[in-house]
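In the numbering used here, each residue's number is its place in the sequence shown (first place is 1) plus 1.
Remarks on the structure that follows.
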Amino acid sequence: MSQHIPEHLHYTAQHEWVTTDDPATVGVTAVATEALGDIVFLELPAVGTAVVAGQVCGEIESTKSVSELYAPVSGTVVEVNEAVTADPAVVNADPYGAGWLFKVAVESRGELLTPAEYEAQAAG
Numbered sequence: 002m003s004q005h006i007p008e009h010l011h012y013t014a015q016h017e018w019v020t021t022d023d024p025a026t027v028g029v030t031a032v033a034t035e036a037l038g039d040i041v042f043l044e045l046p047a048v049g050t051a052v053v054a055g056q057v058c059g060e061i062e063s064t065k066s067v068s069e070l071y072a073p074v075s076g077t078v079v080e081v082n083e084a085v086t087a088d089p090a091v092v093n094a095d096p097y098g099a100g101w102l103f104k105v106a107v108e109s110r111g112e113l114l115t116p117a118e119y120e121a122q123a124a125g
């Protein structure tokens, strides 16, 4: 398994990761940050926003492009990482740690990939 794909997380086909706990923590993968380049702006869902698994819930803007952010789970946003909105470079520096994006009180989970499935897709 790649060191870029932690074993304890689940993934979306759109390069988001999510924890299995509740509330679930959501972020973007190292694969995504490498493809995007330097992240310069994040538009994240506000606390209290209902998100739906598989639906767009925000944007990530980098020096190369603007990408949509997809919710890996359905539920209500309970916390937003203010540190990454203030300094989006944190996401590039530590996508699985300090660079988490938001937390959701989970109602249901979307179609999630295991680490092995995500690694196979990312390599493909």
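Where is the CB? At the ideal position from N, CA and C, for every residue including glycine.
Please read all numbers here as calculations on a predicted model, not as lab measurements.
CB-CB length for residue i against residue j, believed under 8 Å
i, j, result
"residue 67", "residue 103", "With a Cβ gap of about 18 Å, residue 67 and residue 103 do not count as contacting."
"residue 1", "residue 107", "Residue 1 cannot be examined here, being either before or after the span of the chain that is shown, 2 to 125."
"residue 95", "residue 64", "Wrong, their Cβ atoms sit about 19 Å apart, outside the cutoff."
"residue 32", "residue 16", "6 Å"
"residue 62", "residue 41", "6 Å"
Range covered by the beta strand (DSSP E) that runs through residue i
i, result
"residue 43", "40-44"
"residue 62", "57-63"
"residue 113", "Run containing residue 113: none; DSSP gives neither H nor E here."
"residue 26", "25-29"
"residue 48", "Here residue 48 belongs to no beta strand (DSSP E), and DSSP marks it neither H nor E."
"residue 20", "Premise fails: residue 20 is in no beta strand (DSSP E) and is neither H nor E."
Residue i Cβ short of 7 Å to the ligand FMN heavy atom set
i, result
"residue 26", "Among the components of this structure there are no ligands whatsoever, and the ligand FMN is therefore not found."
Residue i versus the options, residue with shortest Cα-Cα distance
i, options, result
"residue 79", "86, 98, 91 and 51", "51"
"residue 23", "89, 76, 55 and 111", "76"
"residue 122", "101, 14 and 8", "14"
"residue 55", "124, 87, 125 and 111", "111"
"residue 27", "42, 35, 85 and 41", "85"
Same chain, Cβ closer than 6 Å to residue i, neighbours up to 5 away in sequence not counted
i, result
"residue 25", "19, 74, 105 and 107"
Close Cβ partners of residue i (< 7 Å) along its chain, the five nearest in sequence each way excluded
i, result
"residue 58", "46, 52, 70, 71 and 72"
"residue 1", "As displayed, the chain neither begins before 2 nor continues past 125, which places residue 1 out of reach and without an answer."
"residue 44", "59 and 60"
Close Cβ partners of residue i (< 8 Å) along its chain, the five nearest in sequence each way excluded
i, result
"residue 109", "54, 74, 75 and 76"
"residue 48", "78, 79, 80 and 81"
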